[in-house]
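Presented below is the structure to which this report refers.
There are 2 protein chains.
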Amino acid sequence: MAGNKRGKQSFVLPQLPVITAWASVAGKKESEGPLAHTFDIVSQDTYFGQKTWEQAEKQMQKMALDKVIEKSGLHQNQIGLVYSGDLLNQCIGSSFTLRNTNIPHVGLYGACSTMALGLLTASMAVSGGFSDRVIALTSSHFASSERQYRFPLGYGGQRTPTAQWTVTGAGAALLCSAGTGPRIDSCTIGTVTDLGIKDANNMGASMAPAAYATIRAHMEDMKRTPDDFDLIVTGDLGQLGKEVLMELARRDGLYLGGRIADCGTMVFDTATQDVHAGGSGCGCSAITLCGELLNKLNSGKLRQILFCGTGALLSPTSTQQGLPIPGVCHAVSITGGSD
Amino acid sequence: MAGNKRGKQSFVLPQLPVITAWASVAGKKESEGPLAHTFDIVSQDTYFGQKTWEQAEKQMQKMALDKVIEKSGLHQNQIGLVYSGDLLNQCIGSSFTLRNTNIPHVGLYGACSTMALGLLTASMAVSGGFSDRVIALTSSHFASSERQYRFPLGYGGQRTPTAQWTVTGAGAALLCSAGTGPRIDSCTIGTVTDLGIKDANNMGASMAPAAYATIRAHMEDMKRTPDDFDLIVTGDLGQLGKEVLMELARRDGLYLGGRIADCGTMVFDTATQDVHAGGSGCGCSAITLCGELLNKLNSGKLRQILFCGTGALLSPTSTQQGLPIPGVCHAVSITGGSD
Chain A
10 MAGNKRGKQS FVLPQLPVIT AWASVAGKKE SEGPLAHTFD IVSQDTYFGQ KTWEQAEKQM
70 QKMALDKVIE KSGLHQNQIG LVYSGDLLNQ CIGSSFTLRN TNIPHVGLYG ACSTMALGLL
130 TASMAVSGGF SDRVIALTSS HFASSERQYR FPLGYGGQRT PTAQWTVTGA GAALLCSAGT
190 GPRIDSCTIG TVTDLGIKDA NNMGASMAPA AYATIRAHME DMKRTPDDFD LIVTGDLGQL
250 GKEVLMELAR RDGLYLGGRI ADCGTMVFDT ATQDVHAGGS GCGCSAITLC GELLNKLNSG
310 KLRQILFCGT GALLSPTSTQ QGLPIPGVCH AVSITGGSD
Chain B
10 MAGNKRGKQS FVLPQLPVIT AWASVAGKKE SEGPLAHTFD IVSQDTYFGQ KTWEQAEKQM
70 QKMALDKVIE KSGLHQNQIG LVYSGDLLNQ CIGSSFTLRN TNIPHVGLYG ACSTMALGLL
130 TASMAVSGGF SDRVIALTSS HFASSERQYR FPLGYGGQRT PTAQWTVTGA GAALLCSAGT
190 GPRIDSCTIG TVTDLGIKDA NNMGASMAPA AYATIRAHME DMKRTPDDFD LIVTGDLGQL
250 GKEVLMELAR RDGLYLGGRI ADCGTMVFDT ATQDVHAGGS GCGCSAITLC GELLNKLNSG
310 KLRQILFCGT GALLSPTSTQ QGLPIPGVCH AVSITGGSD
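Protein sequences appear in the order of chains A and B.
Okay, so the first sequence: first residue is 10 according to this note's numbering, each after it adds one.
Okay, so the second sequence: first residue is 10 according to this note's numbering, each after it adds one.
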């Protein structure tokens, strides 16, 4: 059965998992951005009816989970497995979403790469026949992230030009062994890359080398070129990280051309929404995928994309101890539903 | 390919992954306990030569990773994938272990169930042919856990009788598609169970319902009885949690008899080592498995075990906000190498 592995980091899926349903939940600021029309649910209440921001994040995940199940026409007890994770300490957004649902759960930690990591691991479960009707789920919340990683919002700290704005949102995608919708054909598992960036306000730069390493590995392992894709979509490098990625590719002689898009610069209008370098957080790539991207893949407006979730694997403790920020990127190749 | 799923939560492995090598690293207190002779590496230095406890934990993981590769006779660049996670915020023990190793990495979060969760997910990757030579890795450290979850050690807080002692240790197991050693034949993925326990000093009680739910699901899904196993080994319920598990089974009419053992009561001598209810932490079940249990499975002293990793999915934030402690348990059925 070792025939599905390709090269050092990649694998193909003998039976292509079909993304039969997807759902997104977004906050107020996201609902004022360019992708507003693609979200299933938006809330003007930052607390989503809860008492704390952490519980608000749990609530968003729950809403995304319920919505994707509703859109699929299934019942909750027909879901075989949920892969999920988030940025909160000990991933409590995910744990509290799944509690007492009776749905088997594998907890992931991939920082902002979690949506891609969820699709990748869910693909193995579905294609290998270990489970069916598997959901990849994640979230982030601006206020819970700021409090945990940086400063309490009430402190009013000034943000650097390189800072990114954590997206308040949750996304869910349902993978099945059969059905109609976009399909996952191959994945590339990331390695943890650290080039010594220590500035926790410049996560784009810390993740860009990982993004480039994974994109290059995918092309080599799968014997593909960037031209095989309509879009190579990175998770949340932001404007600065995207420029670093383009520069790394240029120096290495890999022509990415106009193929690169970044969810961090798609989800917000960086010129008018005061988000500095762009969006970030697990929710950033999750709501961009589970709306804009999967909609366009499903309708045939996009034929093939490489969805590259990027994560900065820092903690406040590692930063306070003077350590650099390791980055990771996982890539999932998704083909349009109309083929 | 949907033929590998069994029941609601379980799956069988069409090609049994072989655990061809395993390694354990343990701290001073663990080296004074009943399993001392089974560890590959012990250190009397709590810092493992590092400047901080968090980096000490990273170092233990690195030592376990290097040791399992050495014992396997492979080189690092032959390892296809590492599944790992730990208790530190944002899993920095795992991320910093893997950085710049060039080994593909999937980050997990399962609290103290991580060793079982790693074996379970690695089994899918190996048996499905998505990767080969896959390592499951995890760690915990008494001092980093106390600081993060409870009080700084210097505070000298008194511990409750129900408290458990976080094991300082790391374990690694290498799964291959061929070779000799104990083999994984089936797994049961846990659901997140919450019966309302809110006492962060009584994690055994919060995890016991999850342990029972998963053990029962394994028996039902796989049409097995406890008599099919020499041992049903829970992760770290401790003495109190183990009693709760036995009581839940008794009320439900499932006779567990003398089959139940708990890593939390195996790794320490609870009568003399002042650990109160027993050991805990990701390292607890990891070093018990990657020493005592796999050694005995390999030599034929154990024929078949159900290894049930248990995790308390709390965070200090959720506890401070008055929320209960969800529990999870993942089960891996391992058959002896001599069959």
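Glycine included, each C-beta is placed from N, C-alpha and C at the ideal position.
Being a predicted model, the structure only gives us computed values, none of them experimental.
The beta-carbon of Asn304 (chain B) is placed no less than 8 Å from the nearest beta-carbon of chain A.
By the rule that beta-carbons nearer than 8 Å mark a contact, Met72 (chain A) does not touch chain B.
A Cβ-Cβ separation of about 14 Å leaves Ser342 (chain B) out of contact with Met124 (chain B) under the 8 Å criterion. Taking CB atoms only, Pro191 (chain A) has no neighbour in chain B less than 8 Å away. In the DSSP annotation of this structure, the continuous segment of the alpha helix (DSSP H) that includes Cys293 (chain A) starts and ends at 291–297. Ala209 (chain A) and Asn86 (chain A) have their C-alpha atoms roughly 41 Å apart. Contacts with chain B at 8 Å (Cβ-Cβ) include Cys100 (chain A). Chain B places a beta carbon closer than 8 Å to that of Tyr118 (chain A), counting this residue as a contact. Residue pairing by DSSP puts His339 (chain B) in a beta bridge opposite B:Gly318.
At least one CB of chain B lies nearer than 8 Å to the CB of Gly199 (chain A). Contact between the region 299–314 of chain B and the region 330–338 of chain B is absent, with fewer than three C-beta pairs closer than 8 Å. Here His84 (chain B) is exposed, its C-beta having fewer than 16 other C-beta atoms within 10 Å. Within its own chain, the residues whose Cβ lies closer than 8 Å to the Cβ of Thr274 (chain A), once the five positions on either side in sequence are excluded, are Gly247, Gln248, Lys251, Gly287, Gly288, listed in chain order.
Considering only A:Lys310, A:Gly267, A:Leu315, A:Gly320, the residue with the shortest C-alpha distance to Gly292 (chain A) is A:Gly320.
Non-local C-beta neighbours of Arg142 (chain B) in its own chain, meaning closer than 7 Å and more than five positions away in sequence, comprise Leu83, Gln87, Ile88, Gly89, Leu183, Cys185, ordered along the chain.
Exposed is the label assigned to Arg260 (chain A), since fewer than 16 other Cβ atoms lie within 10 Å of its Cβ. Taking C-beta atoms as the reference points, Thr189 (chain A) and Val27 (chain A) count as a pair closer than 8 Å. In the three-state scheme derived from DSSP, where H, G and I count as helix and E and B as strand, Gln99 (chain B) is classed as helix. Neighbours of Gln18 (chain B) across chain A, judged by C-beta separation under 8 Å: Pro113. Excluding sequence positions up to five before and after Arg156 (chain A), its CB lies within less than 8 Å of the CB of Trp62, Leu162, all in the same chain and listed in chain order. Counting C-beta pairs closer than 8 Å gives fewer than three between the region 217–232 of chain A and the region 169–181 of chain A, which falls short of the contact rule.
Under the three-state reduction of DSSP, Ile224 (chain A) is assigned to helix. Val253 (chain B) carries a helical assignment under DSSP once its states are collapsed to helix, strand and coil.
Following the DSSP letters along the chain, one finds Gly116 (chain A) inside the beta strand (DSSP E) bounded by residues 114–116.
Secondary structure of Phe151 (chain A) (DSSP, three-state): helix. Sequence-distant Cβ neighbours of His114 (chain B) in its own chain, meaning closer than 6 Å and more than five residues away, are Val91, Leu107.
Residues of the region 137–161 of chain A with a C-beta less than 7 Å from any C-beta of chain B: Gly137, Gly138, Phe139, Ser140, Asp141, listed in chain order. Of all C-beta pairs linking the region 92–107 of chain B to the region 21–35 of chain B, fewer than three are shorter than 8 Å, placing the two stretches out of contact.
Distance between Glu256 (chain A) and Gly262 (chain A), taken at the CA atoms: about 10 Å. Along the region 212–235 of chain B, none of the residues has a CB nearer than 8 Å to a CB of chain A. The alpha carbon of Gly16 (chain A) has as its nearest neighbour, out of A:Ala226, A:Lys71, A:Thr110, the alpha carbon of A:Ala226. Annotation for Tyr118 (chain B): Gly94 place their beta carbon closer than 6 Å to its own, counting only its chain and skipping 5 residues before and after.
Taking a beta-carbon distance threshold of 8 Å, Pro335 (chain B) counts as an interface residue toward chain A.
When Cβ-Cβ separations below 8 Å define contact, Gln330 (chain A) makes contact with chain B. Nearest neighbour of Val201 (chain B) by Cα position, chosen from A:Thr55, A:Pro191, A:Ile112, turns out to be A:Ile112. Per the DSSP secondary-structure output, Trp174 (chain B) pairs in a beta bridge with B:Gly288.
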